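Residue numbers (my numbering): 1 to 370.
Here's the structure we're looking at; comments come further down.
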Ligand code: NDP
Ligand code: GDR
């Protein structure tokens, strides 16, 4: 039985990947951070009581900023595969916490590579590094492929650029099986609530149910190549099953504006929108409402731009070239954007319908200090 170690197991991708590897018969170990509140919501369904026999899912406390603990965990687990998914992954937040981002996302990767080297596991342990389309940053060429030059545009992307190259360097210098997956944006119902797609599907659901008036967003012109996280974790696994360690772009090859994503989300609840104005003055109002379950006043302004969500340096256009992953990994996404939006909307509408029922029945969180 193969053993995998996943950093960032409590995140969106970590949860889908753990599920996938358990189904493939792996023993899965994950590193979770200590936090003052539980942070394992996304993987609670996978939890196994450590007192039982044949436990296949084990969590270890740890942090990418602490070499000693990484060395100890890797020594104890002796993994066949490490998936380094842990990171401060929010581009805008990286402008507020640049040093921490460099430490966790950049040096954190070095710590994993060094731990494997120091422990003499180079011949045994394969490493997947969660690289990103943010490396392309300021557009140099489209579509972006494995050979497109990088031009990172945020502290997050610069930290990930270090992680990308140190992974390549350890492969070339020490013969490590270490690979970068240059993944374009991928989303799901488990996506963190402050990334734009989930912010839109949550906000749209709440507006449709009368729980919120308006959704404030930043740059609506940005274009992203959005896929489904469930498809993308499959690609991560395939990258480590190749004979030779190589880097791969993983993308759909289709790009969409944030504005069009908003339109698609509202259409899922039967609402059509009209957009007026430009830049920071752009607004969207309701034109029609065809679903009797979601009635919002015609003409109501439901989306507005707030400049505070503009980034100091933006990445305007991402569109990946999936030729290499299609051909070498035989990987193609099962979801298209319409299917992704449908699934995210269905999940958030259901969640907020329950919240609304609880509120109406008087069961809602009281201020515990009153
Ligand atoms: P999430 O933000 O959902 O998850 C990040 C994970 O990293 C969480 O488990 C988080 O823990 C953990 N983490 C954060 N800081 C540390 C630290 N210092 N030590 C250990 N763990 C830490 O990200 P995703 O699942 O979306 O992304 C997974 C990886 O892929 C990330 O590296 C991201 O940068 C990269 N990536 C993501 C893409 C996407 O579109 N989703 C595209 C390309 C790359 P906690 O739960 O406690 O916060
Ligand atoms: P991104 O994802 O920066 O591409 O990084 P995000 O969803 O945060 O932004 C996508 C685009 O939408 C624009 N935008 C907004 N973004 C957020 N978060 N909130 C808003 O209100 C908003 N309004 C407009 C942004 O300006 C941007 O252009 C994600 C992360 O998962 C990274 O970890 C990963 O490496 C890349 O995808 C690939």
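Cβ coordinates follow ideal geometry from the N, Cα and C atoms, glycine included.
These numbers come from a predicted model, not from an experiment.
Using alpha carbons as the reference points, say which of 319, 167 and 300 lies closest to residue 136. The count along the chain shown starts at 1 and reaches residue 136 at position 136. Of the candidates 319, 167 and 300, the one whose C-alpha sits nearest the C-alpha of residue 136 is 319.
By Cβ distance, which residues of its chain are closer than 6 Å to residue 180, with the 5 residues on each side in sequence left out? By one-based count along the chain shown, residue 180 stands at place 180. Closer than 6 Å at Cβ, skipping near neighbours: 129, 131, 164, 167 and 247.
Residue 180 lies in the beta strand (DSSP E); which residues open and close that run? What you label residue 180 is simply residue 180 of the chain shown in a count that begins at 1. 178-183 is the extent of the beta strand (DSSP E) around residue 180.
Please identify the residue among 353, 150 and 105 whose C-alpha is closest to the C-alpha of residue 84. To locate residue 84, count along the chain shown from 1; it is residue 84. Nearest C-alpha to residue 84: 105.
With DSSP collapsed to three states, give me the class of residue 455. With the chain running from 1 to 370 in the structure shown, residue 455 is simply not present.
Would the region 301-317 count as touching the region 232-246 if we require 3 or more Cβ pairs under 8 Å? no
Taking DSSP as the reference, what is the three-state secondary structure of residue 45? Counting from 1 along the chain shown, the entry for residue 45 is found at position 45. Helix.
Cβ-heavy atom distance, residue 88 to the ligand NDP, below 7 Å: The sequence position of residue 88 within the chain shown is 88, counting from 1. Within the cutoff, so yes.
Reference residue 112; option with closest CA among 206, 5 and 199: Your numbering for residue 112 matches position 112 in the chain shown. Among 206, 5 and 199, the Cα nearest to that of residue 112 belongs to 5.
The ligand GDR and residue 180: does the residue's C-beta get closer than 7 Å to at least one heavy atom of that ligand? Within the chain shown, the letter at position 180 stands for residue 180. Answer for residue 180: no, Cβ out of range of the ligand GDR.
How many Å lie between residue 139 and residue 148 at the Cα? Residue numbering aside, residue 139 sits at position 139 when the chain shown is read from its first letter. Residue numbering aside, residue 148 sits at position 148 when the chain shown is read from its first letter. Answer to the nearest angstrom: the Cα atoms are 10 Å apart.
Is any non-hydrogen atom of the ligand NDP found closer than 7 Å to the C-beta of residue 115, if you look at the structure I gave you? The residue labelled residue 115 in the question sits at position 115 within the chain shown. Incorrect: residue 115 has no Cβ contact closer than 7 Å to the ligand NDP.
Segment contact, 8 Å Cβ cut-off, at least three pairs: the region 329-340 with the region 232-241: yes
Enumerate, from N- to C-terminal direction, the unbroken beta strand (DSSP E) stretches of 3 or more residues contained entirely within the region 297-331. 301-305
Rounded to whole angstroms, what's the CA-CA distance from residue 253 to residue 317? Just pull it up for me. As a first step, residue 253 must be located in the chain shown, where it is residue number 253. As a first step, residue 317 must be located in the chain shown, where it is residue number 317. About 12 Å.
How is residue 274 classed by DSSP in three states: helix, strand or coil? In the chain shown, counting from the first residue as 1, residue 274 sits at position 274. Three-state DSSP puts residue 274 in a strand.
From the DSSP output, which residues share a beta bridge with residue 206? For the purposes of this step, residue 206 is taken as residue 206 along the chain shown, with counting starting at 1. The partner list for residue 206 (beta bridge, DSSP) is empty, contrary to what the question assumes.
Can you tell me the Cβ-Cβ gap for residue 273 and residue 287, rounded? I've got them flagged as a contact below 8 Å. As a working note, residue 273 is residue 273 in the chain shown. As a working note, residue 287 is residue 287 in the chain shown. Confirmed, Cβ separation roughly 6 Å.
Cβ-heavy atom distance between residue 91 and the ligand GDR below 7 Å? Within the chain shown, residue 91 is the residue found at index 91, counting from 1. Yes, since a heavy atom of the ligand GDR falls inside the 7 Å radius drawn around the Cβ of residue 91.
Roughly how many angstroms separate the alpha carbons of residue 88 and residue 194, rounded to a whole number? As a working mapping, residue 88 is identified with position 88 in the chain shown. As a working mapping, residue 194 is identified with position 194 in the chain shown. The alpha-carbon atoms of residue 88 and residue 194 are separated by roughly 13 Å.
Starting from the Cα of residue 187, find the closest Cα among 200, 36 and 77 and give me that residue. For the purposes of this step, residue 187 is taken as the residue at position 187 of the chain shown. The shortest C-alpha separation from residue 187 is found at 200.
Going by beta carbon distance, what residues of the same chain come within less than 6 Å of residue 48, once the five residues before and after it are set aside? Here residue 48 refers to the residue found at position 48 of the chain shown. So the qualifying residues of the chain are 55 and 57.
Please work out which residues of its chain come closer than 6 Å, Cβ to Cβ, to residue 280, disregarding the five sequence neighbours upstream and downstream, and give them in chain order. Numbered from its first residue, the chain shown carries residue 280 at position 280. Answer for residue 280: 305 and 307, listed in chain order.
What do you get for residue 45, buried or exposed, if any count of 16 or more other CB atoms within 10 angstroms of its CB means buried? Within the chain shown, numbered from 1, the residue matching residue 45 stands at position 45. Its Cβ having fewer than 16 others within 10 Å, residue 45 is exposed.
How many whole angstroms separate the CB atoms of residue 303 and residue 239, which I take to be in contact at a CB cut-off of 8 Å? Sequence index remark: in the chain shown, residue 303 carries index 303 (1-based). Sequence index remark: in the chain shown, residue 239 carries index 239 (1-based). In fact, because the Cβ distance is near 38 Å, the residues do not count as touching under 8 Å.
Near residue 363, which residues of its chain fall below 6 Å by C-beta distance, leaving aside the five closest residues on each side in sequence? Along the chain shown, one-based indexing puts residue 363 at 363. So no residue of the chain qualifies.
Quickly, what does DSSP pair residue 58 with across the bridge? List them, please. In the chain shown, the residue the question calls residue 58 occupies position 58. Residue 58 is bridged to 29.
The region 112-123 / the region 26-39 touching (three or more Cβ pairs under 8 Å): no
To which residues of the same chain is residue 177 closer than 6 Å at the C-beta, ignoring the five residues directly before and after it? For the purposes of this step, residue 177 is taken as the residue at position 177 of the chain shown. Result list for residue 177: 126 and 245, in chain order.
Which partner residues does residue 156 have in the DSSP bridge list? Taking the first residue of the chain shown as 1, we reach residue 156 at position 156. DSSP output for residue 156 lists no bridge partner at all.
Reference residue 2; option with closest CA among 16, 15 and 23: The count along the chain shown starts at 1 and reaches residue 2 at position 2. It is 23.
Using the beta-carbon count (16 or more within 10 Å), is residue 372 buried or exposed? Examination of residue 372 is not possible in this model, given that the chain is present from 1 through 370 alone.
What does a CB cutoff of less than 6 Å around residue 230 pick up in its chain, not counting 5 residues either side in sequence? As a position in the chain shown, residue 230 is number 230, starting the count at 1. Contacts found: 16.
Assuming residue 123 and residue 7 make a contact with CB atoms under 8 Å, what is their CB distance in whole Å? As a first step, residue 123 is located in the chain shown; it is residue number 123 there, counting from the start. As a first step, residue 7 is located in the chain shown; it is residue number 7 there, counting from the start. Not really, about 21 Å apart at Cβ, beyond 8 Å.
Nearest to residue 31 by CA position, among 50, 52, 20 and 61, is which residue? Residue mapping note: residue 31 aligns to position 31 of the chain shown, counting from 1. Nearest of 50, 52, 20 and 61 to residue 31, Cα basis: 61.
How many angstroms separate the CA atom of residue 110 from the CA atom of residue 72? Taking the first residue of the chain shown as 1, we reach residue 110 at position 110. Taking the first residue of the chain shown as 1, we reach residue 72 at position 72. Cα to Cα, the separation comes out at about 16 Å.
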